[in-house]
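Step one of this worksheet: look at the structure below.
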Amino acid sequence: MFTTVSAPSKIILLGEHAVVYGVPAVAIPISSLRATVEIYESESEFVIVSSTTNSGRSIEVTSKDVENPLIRIIQQVTEHFGVTYPKVRLVIDSKIPIASGLGSGAAVSAAVGRAIATAIGKNIDNDLLNQFVFDVEKIHHGTPSGIDNTVIVYEKPIIFEKGKPIEPLKIGQPFHIVIADTGITALTRESVADVKRLYQEKPTDIKKIFDDIETLIRQATQHIADGNIKQLGSLVTLNHHLLQKLTVSSDELDNLVNTAISNGAFGAKLSGGGRGGNMIALVKKSDITQMKRCLLDAGASNVYDTQVV
Ligand code: MEV
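The opening residue of the sequence shown carries number 2 in this note's numbering; numbering runs sequentially from there.
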């Protein structure tokens with residue numbers, strides 16, 4: 002092996018789905034849960050071996066698999082620098098559960114993009130990598146807003162608004178989030194398409210929900226800047242209720258959200274595309290261990306925590 006590169010997972014603190022329609026949203030990288038790529042020199046052809054911890058699957062991809070999103074990012078990087086595929090073996094080890102709202106696809110693309118740039122001896126800056134990962138996200142998700150690739154590539158808490166420069170999130174006081182996985186995989190592409198259909202069917206009602214989400218996000222970002230975590234928590238839960246109205250929650254997500262709230266969380270909501278995947282709960286630092294236990298007892302398949310600083 003000559004080197005290792007990686008990219009983090011992410012959560013959406015507020016604003017998923019509405020962000021696709023131009024509403025600002027807040028996203029946080031999870032640096033402790035990452036996709037890693039090891040780069041080995043290879044005598045023969047270029048090859049990628051990919052394994053995702055939670056799927057237990059291992060797949061091998063070569064340059065002939067032109068439809069594969071991993072090959073797409075490699076094409077973009079090598080074409081940009083005007084070189085052919087290097088003779089390397091890239092081994093992906095992602096700890097990020099797939100189709101669970103944690104940005105696994107974007108993290109793997111970002112890490113592979115960095116790996117191939119390293120293998121050809123080039124430095125790829127985040128702005129360029131972000132563009133390339135966004136293109137691959139379109140293969141995964143159809144009409145992504147760009148929030149996942151952006152928070153993952155820059156690895157900083159952000160306020161993201163489509164078509165606007167990235168705004169770093171101002172954090173008055175660090176706060177803690179417990180993340181719990183329903184264990185149910187769900188494709189963001191599908192929930193995004195369903196919200197689109199709903200918007201076409203009931204434009205006035207759905208626009209009102211997006212407007213309500215926008216209002217709460219403007220208040221929430223001020224609370225984050227002022228360090229008012231309790232008030233932020235109430236808005237996080239309100240965001241969950243608005244996501245329920247967008248039909249992207251599920252019984253399992255609602256169950257974990259209710260468990261978190263009845264066990265003292267400041268607020269809780271689904272995070273990401275919804276219908277399955279992960280939820281988040283804002284908690285006091287001293288409550289993290291107990292909250293994780295409650296969520297596991299309530300059926301979560303996995304729990305994580307992160308500090309937002
Ligand atoms: C997924 O993490 C967030 C969504 O809003 C989709 C997107 O913004 O591309 C559901």
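Each residue gets a CB set at the ideal place from its N, CA and C atoms; glycine is no exception. The model shown is predicted, which means the values in this text are computed figures rather than measured ones.
Inset, instruction - For R115, I'd like the list of residues in its chain whose CB is within less than 6 Å of its CB, leaving aside the five on either flank, ordered along the chain. - result: The beta carbon of R115 sits closer than 6 Å to those of V6, all from its chain and outside the five residues before and after it, given in chain order.
Legend entry - Whether V27 touches I207 by CB criterion (7 Å): Not closer than 7 Å, so no.
Inset, instruction - Locate the alpha helix (DSSP H) running through S10, then write down its first and last residues. - result: Per DSSP, S10 belongs to no alpha helix (DSSP H); it is in the beta strand (DSSP E), T4 to L15.
Legend entry - Simplified DSSP state of Y22, which is helix, strand or coil: Y22 sits in a helix when the DSSP states are folded into three classes.
Legend entry - Simplified DSSP assignment, three categories, for F47: In this structure, F47 counts as coil in the three-state DSSP scheme.
Inset, instruction - For E17, count neighbouring C-beta atoms within 10 Å of its own C-beta (all shown protein chains included) and say buried if the count is 16 or more, exposed if not. - result: So E17 ends up on the buried side.
Inset, instruction - Take S33 as the anchor and find which of H224, L14, T216 and S10 has the nearest alpha-carbon. - result: The candidate whose alpha carbon is nearest that of S33 is S10.
Inset, instruction - May I ask you to check if the CB of P158 is nearer than 6 Å to at least one heavy atom of ligand 1? - result: No, the Cβ of P158 stays beyond 6 Å of every heavy atom of ligand 1.
Legend entry - Cβ shell of I74 (< 6 Å), same chain only, five flanking positions each side left out: Hits under 6 Å: S110, V113, G114, F133 and V137.
Legend entry - CA-to-CA distance, K88 to V72, given in whole angstroms: According to the sequence provided, residue 72 is Ile. The question's Val does not apply to it. Rounded to whole angstroms, the separation of the alpha carbons of K88 and I72 is 14 Å.
Inset, instruction - Just mark D128 as buried or exposed, buried being the case when its beta carbon has 16 or more other beta carbons within 10 Å. - result: Burial call: exposed.
Legend entry - H242 classed as buried or exposed, judged by whether at least 16 other C-beta atoms fall within 10 angstroms: H242 comes out exposed.
Legend entry - Backbone secondary structure at T248 - three-state DSSP: DSSP, read as helix, strand or coil, puts T248 in coil.
Legend entry - Contact the stretch 290 to 308 vs the stretch 153 to 168: 3+ CB pairs below 8 Å: Contact fails: fewer than three Cβ-Cβ distances are below 8 Å.
Legend entry - Residue-level contact to chain D via CB, T79, 7 Å cutoff: Looking at the structure shown, chain D is missing, and only one protein chain is on hand.
Inset, instruction - Decide if A226 is buried, meaning its Cβ has at least 16 other Cβ atoms within 10 Å, or exposed. - result: It is exposed - the Cβ of A226 has fewer than 16 other Cβ atoms within 10 Å.
Inset, instruction - Have a look at L15 and S95 and give me their C-alpha separation to the nearest angstrom. - result: Answer to the nearest angstrom: the Cα atoms are 25 Å apart.
Legend entry - 8 Å contact criterion, which V179 and V284 should meet: CB distance rounded: Taking the Cβ atoms as the reference, V179 lies roughly 5 Å from V284, within the contact range of under 8 Å.
Inset, instruction - Report the three-state DSSP secondary structure of P207 (helix, strand or coil). - result: The residue you asked about is not Pro; residue 207 is Ile in the sequence shown. Note: I207 maps to helix in three-state DSSP.
Legend entry - V24 and I148 closer than 7 Å at C-beta: Not closer than 7 Å, so no.
Legend entry - R35 burial status per 10 Å Cβ neighbour count (16 or more: buried): When all chains shown are included, R35 counts as buried.
Legend entry - Within the stretch 141 to 204, ranges of the beta strand (DSSP E) (whole runs, at least 3 residues): Listed in chain order, they are 159 to 161 and 176 to 182.
Legend entry - Boundaries (first-last residue) of the alpha helix (DSSP H) holding I74: Element bounds for I74: P70 to F82.
Inset, instruction - Tell me whether the beta-carbon of V258 lies closer than 7 Å to the beta-carbon of M280. - result: A contact, by the Cβ cut-off of 7 Å.
Inset, instruction - Taking only heavy atoms of ligand 1 into account, decide whether any of them is closer than 6 Å to the Cβ of T189. - result: Distances taken from the Cβ of T189 to the heavy atoms of ligand 1 include one shorter than 6 Å.
Inset, instruction - Give me the Cα-Cα distance between I13 and P145, rounded to the nearest whole angstrom. - result: Answer to the nearest angstrom: the Cα atoms are 14 Å apart.
Inset, instruction - Look at the alpha carbon of H141 and the alpha carbon of A100, and state the distance between them as a whole number of angstroms. - result: In a straight line, the C-alpha of H141 is about 10 Å away from that of A100.
Inset, instruction - State the Cα-Cα distance for the pair T185 and G143, rounded to the nearest angstrom. - result: It is Ile, not Thr, that sits at residue 185 in the sequence shown. The straight-line gap from Cα to Cα measures roughly 21 Å.
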